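Participant: Next up is a structure, given as structure tokens.
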Amino acid sequence: MASGKAATSTRALSKNHDQLGRISEDEESELRKRNEELEKELKDGLLREEKLRHELQMAWERVRVAEEAEERLCSQMGELEAEAVDYARASQSRIMSLMEQLSQSQANKLLPSSSSNP
């Protein structure tokens with residue numbers, strides 16, 4: 001009888017093992033499916049990361065170009081300001097000279113000439 005119980009226990013274990021095997025196969029199938037999904041998500045994430053990295057690199061390049069342009073414009077503006085100051089000083093000097101000439105001309109017209117008096 002002991003051998004009958006052992007045989008029954010062995011059949012029960014075998015049956016449980018078969019059920020576990022089927023569950024394991026189902027779980028394995030689900031795990032494989034989930035693994036494939038995760039691998040696809042990883043691949044997609046890596047592609048997005050690479051795209052964003054490229055976009056960031058392009059943005060940094062645009063910033064660098066803009067900064068260089070800003071430096072050139074500031075330099076040119078400084079040169080133009082210096083030219084404007086020089087021009088303003090030269091114009092002011094010319095105006096002062098013309099005013100002096102005008103004053104002298106008007107003064108000469110107002111003064112009676114010595115040759116016209118008898």
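Position 59, counted from 1, in the sequence shown is what the working numbering calls 59; the numbers after and before it change by one each time, with no gaps. Quick reminder that beta carbons are idealized off the backbone N, C-alpha and C, glycines included. Computed from a predicted model, the values in this text were never measured in an experiment.
Does DSSP put Leu-52 in a helix, in a strand, or in coil?
Facilitator: The residue given as residue 52 occupies position 52 in the sequence shown. Leu-52 falls in the helix class under three-state DSSP.
Participant: Do you know offhand how far Gly-45's Cα is from Glu-55's?
Facilitator: Residue mapping note: residue 45 aligns to position 45 of the sequence shown, counting from 1. Residue mapping note: residue 55 aligns to position 55 of the sequence shown, counting from 1. Whole-angstrom Cα-Cα distance: 15 Å.
Participant: In this structure, how does DSSP classify Leu-38 when only helix, strand and coil are distinguished?
Facilitator: By one-based count along the sequence shown, residue 38 stands at place 38. Note: Leu-38 maps to helix in three-state DSSP.
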